[in-house]
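K.L.:
Residues in the sequence shown are numbered consecutively from 1, following the numbering used here. A virtual CB, placed ideally from N, CA and C, is assigned to each residue, including glycine.
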Amino acid sequence: MILTVTVAEGRFVLDPGFGALAPRVPVPLEEGVQVGVGDEKHWMARDGNHWLLRTQTSDKVVDCWASPLDRDNLIDFELGNHYTSTHPASPFVNRIMLRALTNDGRVGLMNRDLTIWRKNERESIQLADRKALRALLVQYFGFDLPEVEQLCVPSIPDWS
Numbered sequence: 001m002i003l004t005v006t007v008a009e010g011r012f013v014l015d016p017g018f019g020a021l022a023p024r025v026p027v028p029l030e031e032g033v034q035v036g037v038g039d040e041k042h043w044m045a046r047d048g049n050h051w052l053l054r055t056q057t058s059d060k061v062v063d064c065w066a067s068p069l070d071r072d073n074l075i076d077f078e079l080g081n082h083y084t085s086t087h088p089a090s091p092f093v094n095r096i097m098l099r100a101l102t103n104d105g106r107v108g109l110m111n112r113d114l115t116i117w118r119k120n121e122r123e124s125i126q127l128a129d130r131k132a133l134r135a136l137l138v139q140y141f142g143f144d145l146p147e148v149e150q151l152c153v154p155s156i157p158d159w160s
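1. Let me know the secondary structure DSSP gives H82 once reduced to three states.
2. Buried or exposed: which applies to P23, given that a residue is buried once 16 or more other Cβ atoms fall within 10 Å of its Cβ?
3. In whole angstroms, what is the alpha-carbon distance linking T6 and D15?
4. Compute the beta-carbon to beta-carbon distance between V210 and L53, rounded to the nearest angstrom, for a pair I have assumed lies under 8 Å.
5. On the three-state DSSP scale, how would you describe K60?
6. Could you tell me which residues DSSP puts in a beta bridge with W159?
7. For P23, name the three-state secondary structure that DSSP assigns.
8. Let me check understanding here. Comparing Cα to Cα, which of L133, C64, E30, W159 lies closest to F143?
9. Are the CB atoms of C64 and L21 nearer to each other than 8 Å?
10. Should L151 go down as buried or exposed, given a rule of 16 or more other Cβ atoms within 10 Å for buried?
11. Give the single residue among P88, F141, T57, N73 whose Cα lies nearest to the Cα of L98.
12. Could you tell me which residues DSSP pairs with S124 in its beta bridges?
13. Looking only at its chain, what residues have a beta carbon closer than 8 Å to the beta carbon of V62, apart from the 5 residues adjacent to it on each side?
14. Using C-beta distances below 7 Å, list every residue in its chain close to K131, excluding the 5 sequence neighbours before and after it, in chain order.
15. Tell me which residue opens and which closes the beta strand (DSSP E) that F143 is part of.
16. Bridge partners of D47, per DSSP?
Structure follows, in structure tokens:
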């Protein structure tokens with residue numbers, strides 16, 4: 001699911017939920033026009049009747065997704081959301097996955113594995129426990145959630 005928005009400056013694609021490769025800023029729906037923050041660059045490209053969101057990683061161009069930009073049926077989102085939020089095999093039920101954009105980079109968490117990107121630096125840390133997760137939420141996400149200290153996460157054996 002992506003969002004397109006038309007404003008006086010043109011038509012833009014917004015995709016905040018895509019994950020680590022998601023653009024930080026709206027991407028013009030024009031072929032080849034690059035936008036980004038710092039070293040992160042995104043642009044749209046055509047492939048037949050599909051639009052592709054592209055980005056440059058350290059060593060290659062990556063196609064993030066492709067879409068004909070047709071209007072979707074709301075029931076498809078409802079069905080997809082139901083699966084991802086309830087099915088026992090869904091990674092969203094079994095793991096913690098968080099991402100926050102910061103002024104100088106981004107923060108990503110997969111289970112206990114925390115990665116902090118600052119400009120050209122990358123730091124990897126493993127959260128010691130659920131208290132560390134709570135502190136992370138306060139520091140990078142701007143809210144305190146005491147309940148995470150009792151959180152059960154199926155893919156973290158000692159957090160079950």
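P.N.:
Concretely, from the data shown:
1. The count along the sequence shown starts at 1 and reaches residue 82 at position 82. H82: helix per DSSP, three-state reduction.
2. In the sequence shown, counting from the first residue as 1, residue 23 sits at position 23. Counting the other CB atoms within 10 Å of its CB gives P23 a total of 16 or more, which places it among the buried residues.
3. Numbered from 1 along the sequence shown, position 6 holds the residue referred to as residue 6. Numbered from 1 along the sequence shown, position 15 holds the residue referred to as residue 15. Looking at the two C-alpha atoms, the distance is approximately 14 Å.
4. Outside the shown range of the chain (1 to 160) lies residue 210, about which nothing can therefore be said.
5. What you label residue 60 is simply residue 60 of the sequence shown in a count that begins at 1. Coil.
6. Within the sequence shown, numbered from 1, the residue matching residue 159 stands at position 159. DSSP lists no partner for W159.
7. Numbered from its first residue, the sequence shown carries residue 23 at position 23. The answer is coil: DSSP assigns P23 none of H, G, I, E or B.
8. Counting from one through the sequence shown, the residue named residue 143 turns up at place 143. Residue L133 is the option with its Cα nearest to F143.
9. Locating residue 64 in the sequence shown gives position 64, counting from the first residue. Locating residue 21 in the sequence shown gives position 21, counting from the first residue. Yes, the Cβ-Cβ distance between C64 and L21 is below 8 Å.
10. In the sequence shown, the residue the question calls residue 151 occupies position 151. Counting Cβ neighbours within 10 Å, L151 comes out exposed, since fewer than 16 surround it.
11. By one-based count along the sequence shown, residue 98 stands at place 98. Checked all of P88, F141, T57, N73; the closest Cα to L98 is F141.
12. Reading the sequence shown from its first residue, position 124 is the one you call residue 124. Answer by DSSP bridge pairing, in chain order: T115.
13. Reading the sequence shown from its first residue, position 62 is the one you call residue 62. The answer, listed in chain order, is L21, R54, T55, Q56.
14. In the sequence shown, counting from the first residue as 1, residue 131 sits at position 131. Only E149 meet the Cβ criterion.
15. As a first step, residue 143 is located in the sequence shown; it is residue number 143 there, counting from the start. Here F143 belongs to no beta strand (DSSP E), and DSSP marks it neither H nor E.
16. Along the sequence shown, one-based indexing puts residue 47 at 47. DSSP lists H50 as partners of D47.
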